[in-house]
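Trainee: Got a structure for you, written out below as structure tokens; questions coming shortly.
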Amino acid sequence: NGGRVLCVCALADDLKTAQQNAYLAVDKIHWNSKYFRTDIGFKALINPAVLCRRVNKSK
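Shown next as structure tokens:
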């Protein structure tokens, strides 16, 4: 089968909108047996401190 891996990115003024934009882009991709992660950004949305910790680690 070979499999396929794609990366979809989206930008917005806030994380929730960026997440929504990414999933709108995913909806435009079609093939049989497509599956995708549904937890992107989830940890940062429920606990914004997670995002701050990751940003601070990269400095």
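Residue numbers (my numbering): 844 to 902.
Ideal Cβ placement from N, Cα and C applies to all residues, glycine included.
Is the beta carbon of V848 sitting closer than 8 Å to the one on A868?
Mentor: As a working note, residue 848 is residue 5 in the sequence shown. As a working note, residue 868 is residue 25 in the sequence shown. For V848 and A868, no; Cβs fall outside 8 Å.
Trainee: Taking 8 Å as the cut-off, decide whether the C-beta atoms of L854 and A887 are in contact.
Mentor: As a working mapping, residue 854 is identified with position 11 in the sequence shown. As a working mapping, residue 887 is identified with position 44 in the sequence shown. The answer is no: Cβ separation not under 8 Å.
Trainee: If contacts are defined as beta-carbon pairs under 8 Å, then I883 and A865 qualify, I think. What distance do you get, rounded to the angstrom?
Mentor: Counting from one through the sequence shown, the residue named residue 883 turns up at place 40. Counting from one through the sequence shown, the residue named residue 865 turns up at place 22. Contact flag correct, Cβ pair sits at about 6 Å.
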